[in-house]
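Student: Can you keep this structure in mind? I'll have questions shortly.
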Amino acid sequence: MKIFRNITVGQPGKLIKPIGFTLLSNIVNVIPFMLSIETVRIIFDSFAYPEKGLDTVRLWIIIGTLFAYMIIMFFAEKPAYRHSYRDAYDISASGRANLAEHLRKLPLGYITSRDPGDLANMMMGDFTLVETGVSHIVPQLFGALVMPVLAFVSLLFINWQMSLAMFIALPAAIVILWLNTKVNKRMADRQMKSKLDAGNRLQEYLLGIRVMKAYNMIGEKFERLEASFRKQMKESIRFEALSGPVLLLTITLIRAGLTLMILTGSYLLIGGELDLLTFVMFLVIGSRVYDPLSSALMKFAELRYDERAGERILNLMNEPEMGGTNFPKGGTDIVFQNVSFGYGEKDVLHNVSLAMKQGTMTALVGPSGSGKSTVLKLCARFYDPGSGKVTFGGVDEASMDPERLMQKISMVFQDVYLFQDTIGNNIRFGKENASQEEVIAAARKACCYDFIMKLPKGFDTMVGEGGCTLSGGEKQRISIARAMLKNAPVILLDEATASLDPENEVEVQKAIGELIAGRTVIVIAHRLKTIKNADHIIVMDAGRVSEEGTFETLIEKSGLFKKLWTIQSQSVGWEI
Amino acid sequence: MEQHKKQKTGLSRLFQIAGKKKGLLIISGILSSISAACMLVPFLSVYRILEELLKNAGNLSAVNRDYMIHWGWIAFLGLIGGLLILYASIIFSHVAAFRILYGIKMGLARHIGKLPLGFLNNTATGTVKKNLEQDVDRVELFVAHTIPDLVNAAATVVIMFIIFFRLNGWMALTVIIAFFLGTGLQMTMMFGKKAQGTMKAYFDSLERIHASAIQYVRGIPVVKIFGQTVHSFKRFNDDLYEYRNWAVNYCDKFENGMAVFTVVLNSFLTFILPVGLLTLSKDPGNMAFALVYLFFIIMVPGASAPLYKFTMLASGTREIFEGVSRLDAIYSQEPIKEASSPKRPRGHDIMFENVSFAYENKAETTRVEALSNISFTAKAGQITALVGPSGGGKSTVANLIPRFWDVTEGEIKIGGVNIKDIPTEELMNTVSFVFQDTFLFYDTLFENIRVGNPNATDEQVYAAARAAQCHEFIQSLPDGYNTLIGEGGVFLSGGEEQRVSVARAILKNAPILVLDEATAFADPENEYKMQIALKELIKDKTVIMIAHRLSSIKNANQIIVLENGRINQTGVHSELVEKDGLYRRMWNAYNSAYEWSLNIGGVKA
């Protein structure tokens with residue numbers, strides 16, 4: 013049952029119609045087969061009882077019926093086809109929509125920690141497998157079983173010994189197949205691992221192509237790439253070589269039923285326990301019944317493979333969503349109360365308590381890995397804290413509707429994602445239905461207006477995927493314009509602004525200055541000079557608050573902040 | 033060059049690829065045919081037994097039991113033999129397939145390594161990887177499965193029809209006519225007026241929905257931050273259902289055709305029955321013909337499965353063509369040409385002579401960063417700094433030196449020799465690079481540094497690490513130099529990564545250094561160390577440096593100011609700040625940027 017849950021991404025009910033109509037069409041197709049047996053019987057009759065002669069009238073009737081019956085077959089085939097495809101596309105569409113809906117409710121932290129390519133592949137590739145599973149594999153698996161099952165059951169009544177002989181090896185085949193799927197999975201994992209590894213090496217090769225070239229490591233000279241390709245080749249051959257025999261063994265077992273049946277029949281016939289026509293009937297059925305059975309077997313193997321795609325999707329669907337229905341009251345104070353948090357097992361923040369007051373600028377400073385970006389992420393509820401709580405305007409963030417919270421916060425981070433859309437729409441993203449005037453005003457304030465107007469189509473210029481045709485500084489300013497339009501009371505700022513060429517940098521600085529005016533600001537600062545006017549500086553070290561205060565008080569303390577300040581003063585004067 | 037042969041496409045191209053392991057595939061094909069023949073033996077057994085029974089229908093006691101049992105076992109032997117041979121055939125085809133794939137992948141990796149960098153810059157790395165894997169998988173599918181299956185199905189059909197025709201031409205012909213009737217009806221119903229267009233439209237629509245999914249997933253963080261997930265979701269949702277409706281509509285067009293085809297294929301028996309009966313009813317006592325008739329009745333329905341398989345496989349190859357043509361698209365990209373008469377550089381001056389350069393794919397970018405008519409000389413042992421606004425051409429200049437791209441016009445010379453005449457390996461040994469975006473291998477830190485000089489001793493590696501200020505932090509890691517970087521290992525901070533890449537360059541110790549100064553502000557301590565590391569690296573080298581912080585190049589021997597792909601000014605710092613020009617403006621901007629501080633009380637200068 014789990015297998016059907018997986019292949020339908022949790023909606024096994026969707027299989028009922030495709031299976032039902034395929035069964036129907038296969039049942040309909042049994043009639044011609046029965047008529048063919050009747051034909052054989054009539055011919056045999058004419059030789060067994062030559063005095064009666066060949067019943068040509070009956071035969072012509074059968075032939076006429078068969079031709080007429082093709083129309084019925086056609087009408088039985090249509091819904092089978094229709095439902096298989098339609099229902100498969102339905103499952104895909106609604107499944108994809110559900111996944112998309114789920115994704116948007118997952119914690120931001122989870123989303124950003126996953127490779128978007130993987131997620132997109134799950135959204136598309138895995139659902140395509142599911143589609144095939146639902147439209148082809150499962151219905152055909154059931155359809156293929158119709159004839160054998162009907163044959164078995166009805167033949168049992170006619171001659172149970174013969175019927176048993178025909179299908180006796182089937183249970184053994186099923187058991188072997190079932191055991192095999194477990195062993196097979198382990199082997200498949202090995203093969204999959206070598207494949208993934210080869211993929212990762214290839215990605216490494218492509219990402220590092222400049223280094224590869226620069227250090228003469230093209231092609232075979234990047235040995236690990238060659239080794240991983242070679243390993244994949246070997247593992248794949250191994251997998252095929254090992255997995256083949258079992259499948260062939262099961263087919264042998266199933267089809268050996270024909271020989272068994274012939275042997276049994278020969279004895280029974282001579283012993284007089286079986287009459288000629290029954291034996292003939294068994295022979296005719298025996299020559300036809302094993303094809304669908306082995307094809308059902310193949311379908312089952314395919315199903316086991318496709319099922320995993322459904323399982324992957326279901327696993328993602330089981331990731332807990334971020335809940336909450338409260339909404340921010342009035343204030344924008346952000347307070348950490350005894351917050352501990354870790355991405356994996358190890359805590360990154362240890363029992364941190366902080367207060368970031370409304371209408372002030374708080375700066376977070378500290379060596380890399382000290383936890384300052386984690387604090388920023390918790391402010392925006394990328395994650396919920398492991399223990400303790402983060403409150404926004406006095407309300408526990410964990411109880412808040414994430415979207416409502418987000419409306420209060422703007423973020424200006426280093427990596428800027430722009431949509432494959434016009435520049436205007438990328439800015440308008442900050443506020444739905446913003447007028448063109450508002451967009452232009454925001455662009456002006458964010459110092460984008462001039463460069464946008466220089467572009468071939470101004471605000472209607474398309475930005476490439478990932479926004480790759482603009483320079484870093486330009487993208488950053490567009491993201492600032494977007495935040496400007498959003499007009500949220502709290503700004504989270506990561507000043508790791510890839511410093512641009514000086515002129516660009518001045519522009520970005522101006523834009524940021526405009527953006528933060530009069531708001532609650534929390535900033536991660538790298539150049540300590542930038543934050544000399546901060547109302548409050550929090551110095552982080554190894555996941556704890558090491559010092560707090562204003563620029564002046566911290567300089568006087570001669571603690572970590574003073575040390576960082578001294579180093580920085582030395583390095584800015586650096587000359588080659 | 034592989035790509036300059038007349039380029040084949042589609043199936044013949046696939047066979048060309050497959051042909052690389054022709055021997056294995058031919059063996060596989062022969063085995064597959066033999067297997068097909070063996071698998072028909074059980075039918076023969078049934079026929080023989082029916083013959084025996086029919087002969088003695090009037091007198092059952094005369095039936096030869098041993099004869100029937102004999103044929104029962106023959107059926108079994110045929111089955112076992114058929115499956116064993118099939119297994120052998122599959123193994124041969126897979127060995128061939130995976131060897132071919134290995135060859136293709138290595139070939140592509142080599143080829144991509146020789147292409148101008150633009151190839152990867154224009155296409156997202158993820159796409160290239162994904163396409164490579166998927167397309168290569170499709171070739172596997174073709175070589176390992178489709179070929180043997182096709183051969184098997186074809187062999188089955190051929191053997192069957194040989195038997196059919198030997199037994200009775202009329203009935204055999206009837207089956208063939210019925211098959212073509214079915215296919216013909218299907219074709220006319222499916223491919224009426226708009227014929228091929230629909231197939232392409234289907235793939236286009238699939239591609240669109242893929243793009244939409246990627247955009248949605250990638251955009252989620254931003255969308256969430258702006259609280260617009262509902263909106264963005266709705267758009268994607270609409271796309272999804274639009275695609276569904278489209279696909280359903282598309283499938284509906286095939287419905288009648290497919291149904292007719294299936295029905296006809298399942299009704300071969302219906303067609304031969306009257307043909308045989310006409311003969312039989314003329315001479316009802318003709319046992320020989322009655323046997324043939326029976327044989328057809330038993331065998332003919334069995335012909336539909338391999339025929340169906342054959343048509344399905346044949347039509348399924350379309351998707352495989354796609355894969356091959358995309359792989360060929362990569363192969364057909366022109367690699368950077370190796371020197372025909374290689375020369376070695378004599379000295380380490382770098383000279384640009386009237387260099388112009390334009391990136392390809394103008395249509396895709398909104399602006400094209402390019403160089404026009406650049407000439408300058410970077411003297412050996414001196415520091416030449418490149419400065420200017422972004423998009424001015426600094427990085428382009430740096431990228432042309434290692435021939436990541438080739439100049440469009442003009443020449444670049446190292447030690448008086450055109451870089452196009454220097455063998456790539458030699459050129460790369462002469463120049464080292466420190467890029468802004470560092471790249472570390474998924475390997476140990478030790479190996480990551482040793483990439484700089486694969487023959488270096490352990491001591492030399494440690495020395496380079498020390499000089500690059502890495503030794504200390506590497507020692508503090510749990511496994512020291514044996515710590516794995518990346519997936520499953522340790523992630524380093526940006527500053528640390530940069531220093532490791534500097535250590536690599538120090539170990540390489542090439543006489544020329546192209547340096548792209550890091551722009552991201554690491555934390556103060558990292559930055560300080562990075563600067564010590566760089567000082568060590570540039571000792572006694574010919575340095576071309578892309579500078580972002582003007583203070584760092586005050587002492588450069590030569591500063592070249594680039595704007596819009598042209599040289600705007602050249603000189604040393606002291607001269608350039610005196611002149612009223614771009615450099616001075618940048619210098620002032622730089623200083624004010626440096627003095628800048630955040631302020632929420634309003635904008636200050």
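Line by line, the protein sequences are chains X and D.
Take 13 as the starting number for the first sequence in my numbering and just add one per residue.
Take 33 as the starting number for the second sequence in my numbering and just add one per residue.
Glycine residues also receive a C-beta, built at the ideal position from the N, C-alpha and C atoms.
Would Val207 of chain D pass as a contact of Val332 of chain D if the rule is Cβ separation under 8 Å?
Tutor: Cβ distance < 8 Å, so Val207 of chain D and Val332 of chain D count as in contact.
Student: Pull up the CB-CB distance for Leu164 of chain D and Leu214 of chain X, whole angstroms please, since I reckon it's below 8 Å.
Tutor: Yes, Leu164 of chain D and Leu214 of chain X are in contact; Cβ-Cβ is about 6 Å, under 8 Å.
Student: Between X:Leu390, X:Gly322 and X:Ala80, which lies nearest to Lys14 of chain X when the distance is taken from Cα to Cα?
Tutor: Closest option to Lys14 of chain X, Cα to Cα, is X:Gly322.
Student: Using a cut-off of 7 Å between C-beta atoms, extract the partners of Gln582 of chain X located in chain D.
Tutor: Under the 7 Å cutoff, chain D gives Tyr560.
Student: Between Met460 of chain D and chain X, is the shortest Cβ-Cβ distance under 8 Å, so that the two count as touching?
Tutor: Interface residue, yes.
Student: What does Thr337 of chain X reach in chain D if we use C-beta pairs closer than 9 Å?
Tutor: Correct list: empty, because the minimum Cβ distance to chain D is about 15 Å.
Student: For Asp475 of chain D, collect the residues of the same chain with a Cβ closer than 8 Å to its Cβ; drop the 5 residues on either side in sequence, then sort them by chain order.
Tutor: Only Leu516 and Ile517 meet the Cβ criterion.
Student: Would you report the Cα separation of Lys266 of chain D and Ala109 of chain X, rounded to the nearest angstrom?
Tutor: Taking the straight line joining both Cα atoms gives about 9 Å.
Student: So that I know if they touch, is there some Cβ in chain D lying closer than 8 Å to that of Arg489 of chain X?
Tutor: Cβ-Cβ to chain D under 8 Å: no for Arg489 of chain X.
Student: Rounded to the nearest angstrom, how far is the Cβ of Ser96 of chain X from that of Ser166 of chain X, given a contact under 8 Å?
Tutor: So it is not a contact: roughly 27 Å between Cβ atoms.
Student: Applying the criterion that 16 or more other CB atoms from any shown protein chain within 10 Å of the CB defines a buried residue, is Asn11 of chain X buried or exposed?
Tutor: A question about residue 11 of chain X goes unanswered here, because the residues of chain X that appear run from 13 up to 588.
Student: Under 8 Å, Cβ to Cβ, is there at least one residue of chain D near Arg456 of chain X?
Tutor: No, no contact with chain D.
Student: By the three-class DSSP mapping on this structure, what secondary structure does Val439 of chain D have?
Tutor: Residue state, collapsed to three classes: coil.
Student: Tell me the residue span of the beta strand (DSSP E) that contains His362 of chain X.
Tutor: Per DSSP, His362 of chain X belongs to the beta strand (DSSP E) from Asp359 to Met368.
Student: Taking only beta-carbon atoms, is Asn184 of chain D less than 8 Å away from chain X?
Tutor: Chain X, which has no Cβ nearer than 8 Å to the Cβ of Asn184 of chain D, makes this no.
Student: Mind listing which residues of the region 345 to 365 of chain X have their C-beta closer than 9 Å to chain D's C-betas, in chain order?
Tutor: Answer set for the region 345 to 365 of chain X: empty.
Student: Over what stretch of residues does the alpha helix (DSSP H) that includes Thr403 of chain X continue unbroken?
Tutor: Premise fails: Thr403 of chain X lies in the beta strand (DSSP E), Ser399 to Phe404, not in any alpha helix (DSSP H).
Student: Given Ala185 of chain X, which residues of its chain have a CB within under 7 Å of its CB, disregarding the five upstream and five downstream residues?
Tutor: So the qualifying residues of the chain are Thr262, Leu265 and Ile266.
Student: Which whole-angstrom value is the C-beta distance of Val535 of chain X and Gly485 of chain X, which I expect to be below 8 Å?
Tutor: With 8 Å as the limit, Val535 of chain X and Gly485 of chain X do not qualify as a contact, their Cβ atoms being about 18 Å apart.
Student: So which residues of chain D does Arg267 of chain X contact, with C-beta pairs closer than 8 Å?
Tutor: Result: Pro74 and Leu111.
Student: CB-CB under 8 Å to Lys137 of chain D, same chain, minus the five flanking residues each way: which ones, in chain order?
Tutor: Once the five neighbours on either side are set aside, the close Cβ partners of Lys137 of chain D are Leu164 and Val168.
Student: Just to confirm my understanding: we take Gln35 of chain D, look at its own chain, exclude 5 residues before and 5 after, and list those with CB closer than 6 Å. What are they?
Tutor: A caution first: Gln35 of chain D carries a pLDDT of 41, below 50, which makes its placement in the model unreliable, though a value can still be read off. Excluding residues within five positions, the ones whose Cβ falls inside 6 Å are Tyr363 and Ser364.
Student: When you compare only the Cα positions, how much space is there between Leu208 of chain X and Thr140 of chain X?
Tutor: Looking at the two C-alpha atoms, the distance is approximately 20 Å.
Student: With a cut-off of 8 Å on the beta carbons, I'd call Ile330 of chain D and Phe174 of chain D a contact; round off their distance for me.
Tutor: The pair is not a contact, with the Cβ atoms about 34 Å apart (cut-off 8 Å).
Student: Taking the alpha helix (DSSP H) that Arg556 of chain X falls in, what are its first and last residues?
Tutor: Premise fails: Arg556 of chain X lies in the beta strand (DSSP E), Arg556 to Gly561, not in any alpha helix (DSSP H).
Student: Is there a C-beta anywhere in chain X that falls below 8 Å from the one on Ala141 of chain D?
Tutor: Cβ-Cβ to chain X under 8 Å: yes for Ala141 of chain D.
Student: On a Cα-Cα basis, can you pick out the residue from D:Ala497, D:Ala390, D:Gly413 and D:Val546 that is closest to Phe465 of chain D?
Tutor: Ranking the options by Cα distance to Phe465 of chain D, first place goes to D:Val546.
Student: Give the residues of chain X in contact with Tyr119 of chain D, contact being defined as C-beta atoms less than 7 Å apart.
Tutor: The contacting residues are Gly256, Pro257 and Leu260.
Student: If you drop the 5 nearest sequence neighbours on each side, which residues of the same chain put their C-beta closer than 7 Å to that of Ala412 of chain D?
Tutor: For Ala412 of chain D, where only same-chain residues beyond five positions count, the Cβ hits under 7 Å are Gly379, His380, Asp381 and Thr574.
Student: Measure the C-alpha to C-alpha separation of Arg94 of chain X and Asn281 of chain D and round it to an integer number of angstroms.
Tutor: Their Cα atoms are separated by approximately 11 Å.
Student: Suppose the cutoff is 8 Å on Cβ atoms and the five residues either side in sequence are ignored; what does the same chain contact list for Asp572 of chain D look like?
Tutor: The residues are Gly413.
Student: Smallest Cα separation from Gly110 of chain D: which of D:Met100, D:Ala94, D:Val73 and D:Tyr134?
Tutor: When each option's Cα is compared against that of Gly110 of chain D, the closest is D:Val73.
Student: Compare the C-beta of Thr264 of chain X against all C-beta atoms of chain D and say whether one is closer than 8 Å.
Tutor: It does: the Cβ of Thr264 of chain X has a partner Cβ on chain D nearer than 8 Å.
Student: For Gly342 of chain X, which of X:Asn363, X:Arg320, X:Gln370 and X:Leu326 has the nearest alpha-carbon?
Tutor: Comparing Cα positions, the closest option is X:Gln370.
Student: Using three-state DSSP, classify Asp612 of chain D as helix, strand or coil.
Tutor: Coil at Asp612 of chain D, not helix or strand.
Student: What are the partner residues of Asn450 of chain D, as DSSP defines its beta bridges?
Tutor: Note: Asn450 of chain D sits in a beta bridge opposite D:Lys445.
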